[in-house]
Each structure stands twice: as C-alpha cells, then as structure tokens.
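**Student:** Attaching a single structure in structure tokens format; questions to follow.
Numbering (the numbering used here), first residue to last: 2 to 84.
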C-alpha cells in the first residue's frame with residue numbers, strides 16, 4: 002500500500018458524513034483494513050475515527066487486511082519458474 006494514511010483519512014471522513022448506514026459501515030471497515038499498513042500509533046488511529054469503531058469494526062477490517070495480504074503475496078522464489 003502506497004498511502005495508507007491517506008486512505009484512512011478518506012474513510013474516516015466518509016464515516017462521519019451523513020450517508021446511508023451501510024456505506025458508513027463499509028467506511029469503518031475499510032479504515033481498519035488499511036490501518037495495519039500505517040505507521041501511526043494505535044492511539045492516533047483510534048482518535049481519528051473513535052473508540053466505538055475500534056471495538057466494533059477493527060476485527061472485521063483486520064480480517065480483510067489479512068485476506069488482502071494473502072492474495073497479494075508473491076513468493077519471489079517461484080516467479081518465472083515452473084513449479
């Protein structure tokens with residue numbers, strides 16, 4: 002991820018807008034999806050979006066982060082070789 006802090010900022014702003022509830026939920030989940038890529042301290046991440054988001058949506062967002070990480074992982078030992 003090239004700019005996790007920027008992605009987190011966008012999703013935290015989306016979560017605070019007056020938009021449909023489902024889009025707010027997605028914004029909270031995506032915030033925590035990109036948070037592990039950020040070098041910000043956890044207290045600053047929580048301060049940016051709120052403690053309730055951390056408690057409710059962080060586990061779901063982290064699962065998506067792990068899924069992304071697994072799907073984007075390339076084992077360079079096998080690139081260009083026949084397995």
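Note that CB positions come from ideal geometry on N, CA and C, so glycine has one too.
Just so we're clear, the structure is a prediction, and the values are computed from it rather than from any experiment.
1. How should residue 3 be labelled, buried or exposed, when 16 other C-beta atoms within 10 angstroms of its C-beta is the threshold for buried?
2. Starting from the C-beta of residue 28, find all residues in its chain whose C-beta is less than 7 angstroms away, skip the five residues before and the five after it, and write them out in chain order.
3. With the cut-off set at 8 angstroms, would you say residue 60 and residue 38 are in Cβ contact?
4. Go ahead and label residue 77 buried or exposed: buried means 16 or more other beta carbons lie within 10 angstroms of its beta carbon, across all protein chains shown.
5. Could you work out which residue in 50, 24, 35 is closest to residue 67 when comparing CA atoms only?
**Tutor:** Per the coordinate set shown:
1. Residue mapping note: residue 3 aligns to position 2 of the chain shown, counting from 1. Residue 3 should be labelled exposed.
2. Residue 28 sits at position 27 when you count from the first residue of the chain shown. Excluding positions up to five away in sequence, the list reads 12, 15, 16.
3. Here residue 60 refers to the residue found at position 59 when the chain shown is read from its first residue. Here residue 38 refers to the residue found at position 37 when the chain shown is read from its first residue. No, they are not a contact pair.
4. Taking the chain shown and counting its residues from 1, the one referred to as residue 77 is at position 76. In this prediction, residue 77 scores a pLDDT of 48, lower than 50, which makes its location untrustworthy; the coordinate-derived value is nonetheless stated afterwards. Under this definition residue 77 is an exposed residue.
5. For this step, residue 67 is matched to residue 66 along the chain shown. Closest by alpha carbon: 35.
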